[in-house]
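S.K.:
Protein chains: 2
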Amino acid sequence: MIRVALDAMGGDHAPRVEIEGLRLALRDLPATFRVQLVGKPDVIEAELGLYPDIDRARVDIVPASDVVGMGDKPLAAIRRKPNSSLVVGLTLQAKGESDAFISAGNTGAILAGSTVLLGLHNGVERASVATAFPTALGPVLVLDGGANVDCSPRELVCFARLGSVYMRDVMGVASPAVGLLNVGEEDEKGGAVVREAFGALKETNGIRFVGNIEGRDMLAGHAKLGHIDVAVCDGFVGNILLKFYESVGRMLQLLLGKGDPALFRHPDVVRAFEFLDYSQYGGAPLLGVKGISIICHGASPSNAIKHAIRVAVQSVDVQLDQHIQAEFAQGAA
Amino acid sequence: MIRVALDAMGGDHAPRVEIEGLRLALRDLPATFRVQLVGKPDVIEAELGLYPDIDRARVDIVPASDVVGMGDKPLAAIRRKPNSSLVVGLTLQAKGESDAFISAGNTGAILAGSTVLLGLHNGVERASVATAFPTALGPVLVLDGGANVDCSPRELVCFARLGSVYMRDVMGVASPAVGLLNVGEEDEKGGAVVREAFGALKETNGIRFVGNIEGRDMLAGHAKLGHIDVAVCDGFVGNILLKFYESVGRMLQLLLGKGDPALFRHPDVVRAFEFLDYSQYGGAPLLGVKGISIICHGASPSNAIKHAIRVAVQSVDVQLDQHIQAEFAQGAA
Chain A
1251 MIRVALDAMG
1261 GDHAPRVEIE
1271 GLRLALRDLP
1281 ATFRVQLVGK
1291 PDVIEAELGL
1301 YPDIDRARVD
1311 IVPASDVVGM
1321 GDKPLAAIRR
1331 KPNSSLVVGL
1341 TLQAKGESDA
1351 FISAGNTGAI
1361 LAGSTVLLGL
1371 HNGVERASVA
1381 TAFPTALGPV
1391 LVLDGGANVD
1401 CSPRELVCFA
1411 RLGSVYMRDV
1421 MGVASPAVGL
1431 LNVGEEDEKG
1441 GAVVREAFGA
1451 LKETNGIRFV
1461 GNIEGRDMLA
1471 GHAKLGHIDV
1481 AVCDGFVGNI
1491 LLKFYESVGR
1501 MLQLLLGKGD
1511 PALFRHPDVV
1521 RAFEFLDYSQ
1531 YGGAPLLGVK
1541 GISIICHGAS
1551 PSNAIKHAIR
1561 VAVQSVDVQL
1571 DQHIQAEFAQ
1581 GAA
Chain B
1251 MIRVALDAMG
1261 GDHAPRVEIE
1271 GLRLALRDLP
1281 ATFRVQLVGK
1291 PDVIEAELGL
1301 YPDIDRARVD
1311 IVPASDVVGM
1321 GDKPLAAIRR
1331 KPNSSLVVGL
1341 TLQAKGESDA
1351 FISAGNTGAI
1361 LAGSTVLLGL
1371 HNGVERASVA
1381 TAFPTALGPV
1391 LVLDGGANVD
1401 CSPRELVCFA
1411 RLGSVYMRDV
1421 MGVASPAVGL
1431 LNVGEEDEKG
1441 GAVVREAFGA
1451 LKETNGIRFV
1461 GNIEGRDMLA
1471 GHAKLGHIDV
1481 AVCDGFVGNI
1491 LLKFYESVGR
1501 MLQLLLGKGD
1511 PALFRHPDVV
1521 RAFEFLDYSQ
1531 YGGAPLLGVK
1541 GISIICHGAS
1551 PSNAIKHAIR
1561 VAVQSVDVQL
1571 DQHIQAEFAQ
1581 GAA
């Protein structure tokens, strides 16, 4: 049984959506896992009581009396709140008592906590939030999604390798195409960091680097290269792009909403909007840490929590962590 | 009569779309301008001959025997091709024989040529491509759109001021809301350059700085601040975002195209796609240079050229150049 620790106190609507997400996961996913709900036992019990259909034999409650708030400073929160659900949940995994951690809490604190408590793989300088952009041709994994606003060329190369392993192992893409987000396709485009990263990526073994890609190549594919599986950029660009994309659906709703309301019931339109709803795609794995840590949007609905559990189980199942370790051991040799 | 110089040899489909665009502009816009077609006279004459309805009394042909290619190095092209349509067209304006310049040619060369031949306003260190993002709530002007991949805090402040004047004078927004694109709303978000720019923007008189904005605030408005008129970022972020946005329509077409073809004829869907078609929005003004210089996408259709002519005429009409000069004279005082 795979053991998934779920921060029950993390998100904007905790613990309601976390428990609802757990319920959906237990109901809909193959029964290869159990969930460790981390948080205040009385609060968790009260919420669990609302769903008599939850199979309690597959749920453990791990007590944690404190909560890291959305406004807490990440590193300080990790140090000063040892009894928070975030620290307790990650410590379970560090001690070998859990296989994966999921939280919709303070992103910076999950990043800091995962880095400090789980540690980084040899050769990884900073962990990266890998965000899947849904597109008509399949997901594009964008790294970094916002953990690291400034990145060195070495870090960008590291993101490319981490993203490549994830797309191969968890998403089942045989030979992921990796592109470097830039302002043009030509080799010499971009600032100093990006130009140096371009050169280093060309020399990197074990990834299929297709060169510079532009913003337009992400959603409908590159004219010559087709679908891009991994888009590498710093967290400043990645985060702005991710949030911009989230708002496309909202704007289209505004636009279409001025017209015929029946349009919203058209199955193709429903499907297109589902597509643009990031909440359907669960959590973003934090790649580079030892173990599995998955960050959910603070406003995640229960469906996103369910999908995050799916991603966590799958990551453990395919031995993502061991493969990342092997990839970096190879790179260092 | 306002005199607009149009590079007849610039774009991917020159001179066809340029002459078609000219024809649409003469037909559809108020007759307050004349157009100086710059390029090879025989090529221009042959193309003009296809449209007997063009009012030749409002068209001048300005001979230029050479063309700057899309692959030419910008500064070298400006120096080595004095008889190119680009250099000849800009020189007309520098000599006071024209009021505005439009080209769908090599963006880097238009930027370099405009900077060298027209010069920069006092207080402006680098010119910026101002790109209008169409949204459901009105255009958002993004500066920089790709001219400057790395920017200093001072340059970002300069973009904010230039964009503010443009939105006020040309787009008619009384008090444009200016946001700094960042990974979060809090004051201390982002890297060193963005944090310093944030502080400087708060101290800048004459603009309505609303603070940090996120990618999600651009298309459907900010939850509290509403519509953002000017989004400030470096050209790396701006260019990736711009091209990403261009591809949204293409992806939606792919998505909807898998379903019911009748959907594409629904008037609301037609309108939404029109909306996402950047070619409807003409050229991007190059702000900061003395005079008016407008950059069109290399793949611009004739409609984009027409709109660029409209923007050029309007910019001259409202005395944009004088207002920018006054704004920066004030800032220096």
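The listed protein sequences derive, respectively, from chains A and B. Under the numbering used here, think of the first position of the first sequence as 1251, with each following residue one higher. Under the numbering used here, think of the first position of the second sequence as 1251, with each following residue one higher. Glycine is no exception: its CB is placed at the ideal position from the N, C-alpha and C atoms.
Would you mind stating whether residue 1430 of chain A and residue 1463 of chain A have Cβ atoms separated by less than 8 Å?
M.R.: Numbered from 1 along the first sequence, position 180 holds the residue referred to as residue 1430 of chain A. Numbered from 1 along the first sequence, position 213 holds the residue referred to as residue 1463 of chain A. Closer than 8 Å, so yes.
S.K.: Please list, in chain order, the chain B residues whose beta carbon lies closer than 7 Å to that of residue 1498 of chain A.
M.R.: Here residue 1498 of chain A corresponds to residue number 248 of the first sequence, with the count starting at 1. The contacting residues are 1469, 1498.
S.K.: Across the segment 1299-1311 of chain A and the segment 1278-1291 of chain A, are there enough close Cβ pairs to call them in contact, namely three or more that are closer than 8 Å?
M.R.: As far as the Cβ criterion goes, the segment 1299-1311 of chain A touches the segment 1278-1291 of chain A, which means the pair count is three or higher.
S.K.: Using 8 Å as the threshold, is the C-beta distance between residue 1509 of chain A and residue 1400 of chain B below it?
M.R.: Numbered from its first residue, the first sequence carries residue 1509 of chain A at position 259. Numbered from its first residue, the second sequence carries residue 1400 of chain B at position 150. No, the pair does not count as a contact, with Cβ atoms beyond the cut-off.
S.K.: The beta strand (DSSP E) with residue 1286 of chain A in it runs from where to where?
M.R.: On the first sequence, position 36 is the one that residue 1286 of chain A refers to. Here the beta strand (DSSP E) through residue 1286 of chain A covers 1283-1289.
S.K.: Taking residue 1263 of chain B as the reference, give the member of B:1252, B:1348, B:1356, B:1337 with the closest Cα.
M.R.: Along the second sequence, read from residue 1 onward, the residue named residue 1263 of chain B stands at position 13. Here the closest residue by C-alpha is B:1356.
S.K.: Under the three-state reduction of DSSP, which class applies to residue 1454 of chain A: helix, strand or coil?
M.R.: Counted from its first residue, the first sequence places residue 1454 of chain A at position 204. Reduced to three states, the DSSP call for residue 1454 of chain A is coil.
S.K.: Give the interface partners of residue 1561 of chain B over in chain A, defined as CB-CB distance under 8 Å, in chain order.
M.R.: Counted from its first residue, the second sequence places residue 1561 of chain B at position 311. Correct list: empty, because the minimum Cβ distance to chain A is about 23 Å.
S.K.: Could you tell me whether any Cβ in chain B is nearer than 8 Å to the Cβ of residue 1365 of chain A?
M.R.: The count along the first sequence starts at 1 and reaches residue 1365 of chain A at position 115. No, because no Cβ of chain B sits closer than 8 Å to the Cβ of residue 1365 of chain A.
S.K.: Please confirm if residue 1518 of chain B has its CB atom under 8 Å from at least one CB of chain A.
M.R.: For this step, residue 1518 of chain B is matched to residue 268 along the second sequence. Closer than 8 Å to some Cβ of chain A, the Cβ of residue 1518 of chain B qualifies, so yes.
S.K.: Using a Cβ-Cβ cut-off of 8 Å, state whether residue 1493 of chain A counts as contacting chain B.
M.R.: As a working note, residue 1493 of chain A is residue 243 in the first sequence. It does: the Cβ of residue 1493 of chain A has a partner Cβ on chain B nearer than 8 Å.
S.K.: How many angstroms separate the CA atom of residue 1348 of chain B from the CA atom of residue 1513 of chain A?
M.R.: If you number the second sequence from 1, residue 1348 of chain B lands on position 98. If you number the first sequence from 1, residue 1513 of chain A lands on position 263. Rounded to whole angstroms, residue 1348 of chain B to residue 1513 of chain A spans 49 Å at the Cα level.
S.K.: Using three-state DSSP, classify residue 1472 of chain B as helix, strand or coil.
M.R.: Here residue 1472 of chain B refers to the residue found at position 222 of the second sequence. The answer is strand: DSSP assigns residue 1472 of chain B an E or B state.
S.K.: Mind listing the chain B neighbours of residue 1259 of chain A? Cutoff is C-beta to C-beta under 7 Å, in chain order.
M.R.: On the first sequence, residue 1259 of chain A is found 9 positions in, with the first residue counted as 1. Residues of chain B passing the Cβ test: none, with the nearest at roughly 22 Å.
S.K.: In whole angstroms, give me the CA-to-CA distance for residue 1312 of chain A and residue 1272 of chain A.
M.R.: Sequence index remark: in the first sequence, residue 1312 of chain A carries index 62 (1-based). Sequence index remark: in the first sequence, residue 1272 of chain A carries index 22 (1-based). Cα-Cα distance, rounded: 15 Å.
S.K.: Residue 1378 of chain B and residue 1538 of chain B look like a contact to me (Cβ under 8 Å); what is the Cβ gap, rounded to whole Å?
M.R.: The count along the second sequence starts at 1 and reaches residue 1378 of chain B at position 128. The count along the second sequence starts at 1 and reaches residue 1538 of chain B at position 288. Their Cβ separation, rounded to whole angstroms, is 6 Å, which keeps residue 1378 of chain B and residue 1538 of chain B in contact under 8 Å.
S.K.: Nearest-angstrom Cα distance between residue 1252 of chain B and residue 1394 of chain A?
M.R.: Locating residue 1252 of chain B in the second sequence gives position 2, counting from the first residue. Locating residue 1394 of chain A in the first sequence gives position 144, counting from the first residue. The straight-line gap from Cα to Cα measures roughly 49 Å.
S.K.: Counting only beta-carbon atoms, is residue 1513 of chain A nearer than 8 Å to chain B?
M.R.: For the purposes of this step, residue 1513 of chain A is taken as the residue at position 263 of the first sequence. Yes, residue 1513 of chain A lies at the interface with chain B (some Cβ there is under 8 Å from its Cβ).
S.K.: Assuming residue 1456 of chain B and residue 1572 of chain B make a contact with CB atoms under 8 Å, what is their CB distance in whole Å?
M.R.: The sequence position of residue 1456 of chain B within the second sequence is 206, counting from 1. The sequence position of residue 1572 of chain B within the second sequence is 322, counting from 1. Actually they are not in contact, since the Cβ atoms of residue 1456 of chain B and residue 1572 of chain B sit about 15 Å apart, beyond 8 Å.
S.K.: Evaluate residue 1265 of chain A with the Cβ neighbour count: other Cβ atoms within 10 Å of its Cβ, from every protein chain shown; 16 or more gives buried, anything less gives exposed.
M.R.: Residue numbering aside, residue 1265 of chain A sits at position 15 when the first sequence is read from its first letter. It is buried - the Cβ of residue 1265 of chain A has at least 16 other Cβ atoms within 10 Å.
S.K.: Does residue 1254 of chain A pass the burial test, meaning 16 or more other C-beta atoms within 10 Å, or should it be called exposed?
M.R.: Your numbering for residue 1254 of chain A matches position 4 in the first sequence. So residue 1254 of chain A counts as buried.
S.K.: I need the straight-line Cα distance from residue 1318 of chain B to residue 1268 of chain B, nearest angstrom please.
M.R.: Taking the second sequence and counting its residues from 1, the one referred to as residue 1318 of chain B is at position 68. Taking the second sequence and counting its residues from 1, the one referred to as residue 1268 of chain B is at position 18. In a straight line, the C-alpha of residue 1318 of chain B is about 16 Å away from that of residue 1268 of chain B.
S.K.: Taking the beta carbon of residue 1438 of chain B as the centre, do at least 16 other beta carbons fall within 10 Å, making it buried, or is it exposed?
M.R.: Position 188 of the second sequence, counting from 1, holds the residue named residue 1438 of chain B. Residue 1438 of chain B comes out exposed.
S.K.: What residue does the alpha helix (DSSP H) around residue 1389 of chain A start on, and which one ends it?
M.R.: Stepping through the first sequence from its first residue, residue 1389 of chain A is reached at position 139. Premise fails: residue 1389 of chain A is in no alpha helix (DSSP H) and is neither H nor E.
S.K.: Please compile the residues from chain B whose C-beta is within a distance smaller than 8 Å of the C-beta of residue 1385 of chain A.
M.R.: Start at 1 with the first residue of the first sequence, and residue 1385 of chain A comes out as number 135. Simply 1501.
S.K.: Anything in chain B within Cβ reach of residue 1346 of chain A, meaning under 8 Å, just list it in chain order.
M.R.: Reading the first sequence from its first residue, position 96 is the one you call residue 1346 of chain A. Going along chain B, no residue has its Cβ under 8 Å from residue 1346 of chain A, so there is no contact; the nearest lies around 34 Å.
S.K.: Residues of the segment 1397-1408 of chain B in Cβ contact with chain A at a cutoff of 9 Å, in chain order, please.
M.R.: 1399, 1400
S.K.: Are the C-beta of residue 1377 of chain B and some C-beta of chain A separated by less than 8 Å?
M.R.: Position 127 of the second sequence, counting from 1, holds the residue named residue 1377 of chain B. With 8 Å as the cut-off, residue 1377 of chain B does not count as an interface residue toward chain A.
S.K.: Alpha carbon to alpha carbon, what distance is there between residue 1360 of chain B and residue 1324 of chain B?
M.R.: Position 74 of the second sequence holds residue 1324 of chain B. Position 110 of the second sequence holds residue 1360 of chain B. It is roughly 8 Å from the alpha-carbon of residue 1324 of chain B to the alpha-carbon of residue 1360 of chain B.
S.K.: Extract the residue ranges of the alpha helix (DSSP H) inside the segment 1480-1553 of chain A, only unbroken runs of 4 or more that lie entirely within it.
M.R.: 1485-1507, 1517-1525
S.K.: Just to confirm my understanding: we take residue 1576 of chain B, look at its own chain, exclude 5 residues before and 5 after, and list those with CB closer than 7 Å. What are they?
M.R.: Residue 1576 of chain B sits at position 326 when you count from the first residue of the second sequence. Correct list: empty, nothing qualifies.
S.K.: Based on Cα-Cα distance, which residue from A:1385, A:1366, A:1336 lies nearest to residue 1354 of chain A?
M.R.: Numbered from 1 along the first sequence, position 104 holds the residue referred to as residue 1354 of chain A. For residue 1354 of chain A, the nearest C-alpha among the options comes from A:1336.
S.K.: Taking the alpha carbon of residue 1542 of chain A as the point to measure from, which residue in A:1563, A:1322, A:1383, A:1503 has its own alpha carbon closest?
M.R.: Sequence index remark: in the first sequence, residue 1542 of chain A carries index 292 (1-based). Selection A:1563, A:1322, A:1383, A:1503 evaluated against residue 1542 of chain A yields A:1563 as nearest (Cα-Cα).
S.K.: Could you spell out where the alpha helix (DSSP H) holding residue 1336 of chain A opens and where it closes?
M.R.: Within the first sequence, numbered from 1, the residue matching residue 1336 of chain A stands at position 86. Unbroken alpha helix (DSSP H) run through residue 1336 of chain A: 1335-1344.
S.K.: Can you give the Cα-Cα distance for residue 1489 of chain B and residue 1435 of chain A, rounded to whole angstroms?
M.R.: Stepping through the second sequence from its first residue, residue 1489 of chain B is reached at position 239. Stepping through the first sequence from its first residue, residue 1435 of chain A is reached at position 185. Taking the straight line joining both Cα atoms gives about 13 Å.
S.K.: Report the rounded CA-to-CA distance for residue 1371 of chain A versus residue 1574 of chain A, giving the unit in angstroms.
M.R.: Within the first sequence, residue 1371 of chain A is the residue found at index 121, counting from 1. Within the first sequence, residue 1574 of chain A is the residue found at index 324, counting from 1. Distance between the alpha carbons of residue 1371 of chain A and residue 1574 of chain A: 8 Å.
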